[in-house]
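Report on the following structure.
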């Protein structure tokens, strides 16, 4: 079997996997509904306008002003189509193509590989792995593809990394803007990026004796964004109790190390079989690009050294993620670990490609790749089969709840409207209003803020 035929077989397997991914995206996007606090944003948009809403949230909720701009547009789409299908599919496409161009730029600049199909293959592998196999397996799809807050930062980083390589000054300025918005999106995201940029800058300055102006400017841009994020009054209003915690020096030393081990166990070791299913074709791609890899890593020692540094870089990012969560005293939620999940998957992909470049059994690698991709496709189809009836039932219940409230606003005359409890939401983010003790029977008042009924809302026991 010649090389061209081997490529076609791998691409055919990837097409099947992509079709399964598209079915997942379309199905779950169609049945997605706004989450509970989106209705508060709708009320703010109605009362305060677009920029008034951003200002209000910055001063009363949190400092992530950049991604909030796009989050508000998401809500507008949802109102038009009564679901998030347009928004979620757009997010998925933007995420995939930004990842594709990011991988293509790396292959072109560092391995001198200009064929687009290699970037396509690797992008599908990474995207599939993240889609099915993120840190919180039930939330990965929502946080990566359904929430602007968590899908937009990596997209910005991909595009920024691509543009910064460009010699056009306007595109470089656009890259600075992307880095700025990224730095103001999440505390832990900014800390990781600032650490990496800082180390690269110091390496060029002390080791290569070069004052890298671009790296220095990027450090300043990300630091400025981080400061704007940190000083937002909303952070301290929203997380007042957590920020009052007093942590000892030992907590800051031991805590991040424990969290590193927890992440490595939970995301890498516990799911290693899933990672292998979706990333094993990287060994085959590495064998195809053997000559290109050997030009920069000519010996086994150099390849081993490269793998070691990739592992060190990955562990460093995991540690900085963990440390940032302790500095913020737990105010950075576990779902923000998705960014370091992406870094980990990219590092694993690079390691598998380097190992594959030293293997000679190409036909065996192709066979295992096809088997792995077929298994991945079956896993995705199984997920659709299991989750479809659950999310369909949930979305129908959400729509029925809103019809009930809207009808009650026109015809209801009692003091309290009792709503049916929402069914489980599978991996969709639930918008349930949970009961609590006290005069206000709701855990949140999102629907009341949006609808402003003349009666109280309650949930049935």
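Numbering (the working numbering), first residue to last: 97 to 557.
Every residue, glycine too, gets a C-beta built ideally from N, C-alpha and C.
Starting from residue i and walking both ways along the alpha helix (DSSP H), at which residues does that stretch end?
i: residue 402; result: 396-423
i: residue 500; result: 458-507
i: residue 180; result: Where residue 180 is concerned, there is no enclosing alpha helix (DSSP H), given that its DSSP letter is neither H nor E.
i: residue 121; result: 99-126
i: residue 137; result: 134-144
i: residue 519; result: Run containing residue 519: none; DSSP gives neither H nor E here.
i: residue 300; result: Looking at the DSSP string, residue 300 is not in any alpha helix (DSSP H), and its letter there is neither H nor E.
i: residue 360; result: Unbroken run through residue 360: none, as it is neither H nor E.
Determine the closest residue to residue i out of the options, with distance taken between C-alpha atoms.
i: residue 274; options: 548, 259, 465 and 438; result: 259
i: residue 316; options: 332, 291 and 199; result: 291
i: residue 112; options: 195, 469 and 494; result: 469
i: residue 375; options: 217, 501 and 485; result: 217
i: residue 346; options: 437, 110, 422 and 151; result: 422
i: residue 279; options: 251, 305, 295 and 319; result: 319
i: residue 61; options: 109, 124 and 110; result: Because the chain here runs from 97 to 557, residue 61 falls outside it and cannot be looked at.
i: residue 360; options: 516, 146, 444 and 515; result: 444
i: residue 350; options: 418, 335 and 366; result: 418
i: residue 551; options: 520, 503, 518 and 517; result: 503
i: residue 121; options: 379, 480, 287 and 449; result: 480
i: residue 289; options: 395, 257, 224 and 543; result: 257
i: residue 555; options: 548, 500, 307 and 546; result: 500
i: residue 251; options: 200, 193, 511 and 544; result: 193
i: residue 100; options: 362, 184 and 458; result: 458
i: residue 200; options: 220, 325, 187 and 184; result: 220
i: residue 188; options: 160, 300 and 119; result: 119
i: residue 509; options: 549, 138 and 182; result: 549
i: residue 44; options: 542, 455, 190 and 453; result: Because the chain here runs from 97 to 557, residue 44 falls outside it and cannot be looked at.
i: residue 401; options: 515, 450, 301 and 335; result: 450
i: residue 262; options: 362, 151, 202 and 478; result: 202
i: residue 309; options: 515, 294, 146 and 544; result: 294
i: residue 496; options: 516, 478, 512 and 511; result: 516
i: residue 348; options: 420, 191 and 474; result: 420
Does DSSP put residue i in a helix, in a strand, or in coil?
i: residue 549; result: coil
i: residue 209; result: coil
i: residue 306; result: coil
i: residue 324; result: helix
i: residue 555; result: strand
i: residue 234; result: Note that residue 234 has pLDDT 41, beneath the 50 cutoff, so the model's placement of it is unreliable and no number is given.
i: residue 383; result: helix
i: residue 388; result: helix
i: residue 263; result: coil
i: residue 160; result: coil
i: residue 344; result: coil
i: residue 434; result: helix
i: residue 281; result: coil
i: residue 335; result: coil
i: residue 544; result: helix
i: residue 367; result: coil
i: residue 454; result: coil
i: residue 375; result: helix
i: residue 393; result: coil
i: residue 580; result: Coverage of the chain is limited to positions 97 through 557, which leaves residue 580 absent and any answer about it impossible.
i: residue 560; result: With the chain running from 97 to 557 in the structure shown, residue 560 is simply not present.
i: residue 530; result: Low local confidence applies: a pLDDT of 47 at residue 530 is under 50, so the model's placement there is unreliable, and no value is given.
Give a yes or no on whether the C-beta atoms belonging to residue i and residue j are separated by under 8 angstroms.
i: residue 476; j: residue 114; result: no
i: residue 129; j: residue 441; result: no
i: residue 491; j: residue 127; result: yes
i: residue 438; j: residue 226; result: yes
i: residue 298; j: residue 254; result: no
i: residue 379; j: residue 448; result: yes
i: residue 466; j: residue 105; result: yes
i: residue 489; j: residue 519; result: yes
i: residue 249; j: residue 416; result: no
i: residue 392; j: residue 446; result: no
i: residue 159; j: residue 325; result: yes
i: residue 424; j: residue 198; result: no
i: residue 546; j: residue 505; result: no
i: residue 618; j: residue 373; result: Residue 618 falls outside the range modelled here, since the chain spans only 97 to 557, and no answer is possible.
i: residue 454; j: residue 396; result: yes
Kindly indicate the opening and closing residues of the beta strand (DSSP E) around residue i.
i: residue 515; result: 512-515
TODO: Would you be able to state if there are at least three C-beta pairs under 8 angstroms between the segment 261-272 and the segment 207-215?
DONE: Too few Cβ pairs lie closer than 8 angstroms, so no.
Open item on the list: Whether or not the segment 372-391 and the segment 409-416 are in contact is what I'm after, with contact meaning three or more pairs of Cβ atoms, one per stretch, closer than 8 angstroms; do they touch?
Closed with: no
TODO: Take every Cβ of the segment 375-384, pair it with every Cβ of the segment 450-465, and state whether three or more of those distances are shorter than 8 angstroms.
DONE: Touching, yes.
Open item on the list: For the structure I just gave you, are there three or more beta carbon pairs, one from the segment 150-157 and one from the segment 318-333, closer than 8 angstroms?
Closed with: yes
Open item on the list: Taking contact to mean 3 or more Cβ pairs, one atom from each stretch, closer than 8 angstroms, check whether the segment 354-367 and the segment 303-314 are in contact.
Closed with: no
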